[in-house]
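For reference, the structure discussed in these notes is given below.
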Amino acid sequence: MNAHFTPKPRPYSVAQLAERWGCSEGLVYKLIRSGDLQCFRPGALIRISAAEVERYECQASNENIPSSDSTKASQSSGGRTPARGRSVAVIDSPRKIGPPPRQRRQSAGKSATVHRGPWAD
């Protein structure tokens, strides 16, 4: 019986994935924390399955493909769309400012009194 056994690709460590993508390990950790990249933890280690890496790479490449609706915000029209997941400042919102810094105590105009004692002749 000749059964063909195809081994599953090994999961990536954070360092291996960062090297594959040419980015920092911090970015990989950020993607994991945000939930964009799923991982599993054998003990204290963090591993990302090859299938999950492929899923994320396909998702990222699909987001970079412009759709037919992208002419509304093209560079020629001067429009801009905010990046996904980024906050946008609202111009008309009232700015919240904290309390002013506390004032320092003013001296009464006199310098401090120094008592030298009998040994300071």
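The UniProt record's numbering applies: residue 1 is where the sequence shown begins, and numbers increase by one.
Each residue gets a CB set at the ideal place from its N, CA and C atoms; glycine is no exception.
Note that the structure is a prediction, hence the values are computed from the model and not measured.
> Which residue comes first and which comes last in the alpha helix (DSSP H) that contains Ser34?
Replying inline: Residue mapping note: residue 34 aligns to position 34 of the sequence shown, counting from 1. From DSSP, the alpha helix (DSSP H) with Ser34 extends over Glu25 to Ser34.
> Per DSSP, what kind of secondary structure is Ser49 in: helix, strand or coil?
Replying inline: Stepping through the sequence shown from its first residue, residue 49 is reached at position 49. Three-state DSSP puts Ser49 in coil, outside helix and strand.
> If you compare alpha carbons, which of Gly117, Gln38, Val114 and Gln16 is closest to Arg55?
Replying inline: Locating residue 55 in the sequence shown gives position 55, counting from the first residue. Nearest option by C-alpha distance: Gln38.
> Gly22 to Ala50, Cα distance in whole Å?
Replying inline: What you label residue 22 is simply residue 22 of the sequence shown in a count that begins at 1. What you label residue 50 is simply residue 50 of the sequence shown in a count that begins at 1. If you take the alpha carbons of Gly22 and Ala50, they lie about 17 Å apart.
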